[in-house]
Amino acid sequence: EAEENNLGNEALSERFARWYTCSLCEQGHHGVVACALGWACWKTFVGRPEADMLRSWAMTVLGGGLSDGKHDEDALSVYEAQLSMMRRLGAQEGIILVVQATLPAHMRNSDNTIKLCGCGLVYTPDV
């Protein structure tokens, strides 16, 4: 962790990729492996301050891993928490929009409708 505090952004990004990319074949982890590594990543960085970039990245890896492991409701909770944290910390609007754009993929219900808000409004895509 101490070494990660002193790395430049590019080196830090490359080092962080171990949580979502195989170092042998350089493909993304998927399924239960992505899910397990998402949790491991989160547990590694959860102790950092809320405004810490690595903690935010860990939330993204956790959400992606949960989603890849078919735990969409849990992934949605993580992304909603991340969005709330970003708003609280005053993140740039463009970054907030990126996080918001990932939410619909995690709101799909078993009947292929998408929950749009807490009031129960749903969208049924034309299939």
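To get the numbering used here, take the position in the sequence shown, counting from 1, and add 24. We treat Cβ as the ideally placed atom computed from N, Cα and C, and that holds for glycine.
CB-CB length for residue i against residue j, believed under 8 Å
i, j, result
"Met-113", "Ala-75", "Looking at the sequence shown, residue 113 is not Met but Leu. Correct: roughly 5 Å between the Cβ atoms."
Test: residue i CB closer than 8 Å to a CB of chain C
i, result
"Ser-47", "Protein chain content of the structure displayed is limited to a single chain, and chain C is not contained in it."
C-beta contact flag for residue i and residue j at 8 Å
i, j, result
"Cys-59", "Gly-87", "no"
Backbone CA spacing between residue i and residue j [nearest angstrom]
i, j, result
"Val-123", "Gln-116", "11 Å"
"Ser-108", "Ile-120", "9 Å"
"Gly-32", "Arg-39", "10 Å"
"Met-110", "Tyr-103", "10 Å"
"Met-47", "Gly-118", "The amino acid occupying residue 47 in the given sequence is Ser; Met does not appear at that position. Computed Cα separation, rounded: 31 Å."
"Ala-127", "Gly-89", "For the sequence presented, residue 127 should be read as Leu rather than Ala. Going by the C-alpha atoms only, they are around 14 Å apart."
"Val-57", "Lys-67", "15 Å"
"Asp-98", "Glu-34", "30 Å"
"Gly-62", "Ser-101", "14 Å"
"Met-77", "His-53", "22 Å"
"Ser-91", "Pro-73", "25 Å"
Delimiting residues of the alpha helix (DSSP H) encompassing residue i
i, result
"Glu-34", "33-40"
"Thr-84", "77-92"
"Thr-68", "55-69"
"Leu-107", "96-113"
Stretch pair the region 81-99 + the region 34-45: three plus CB contacts closer than 8 Å
Under the 8 Å Cβ criterion, the region 81-99 counts as touching the region 34-45, having at least three qualifying pairs.
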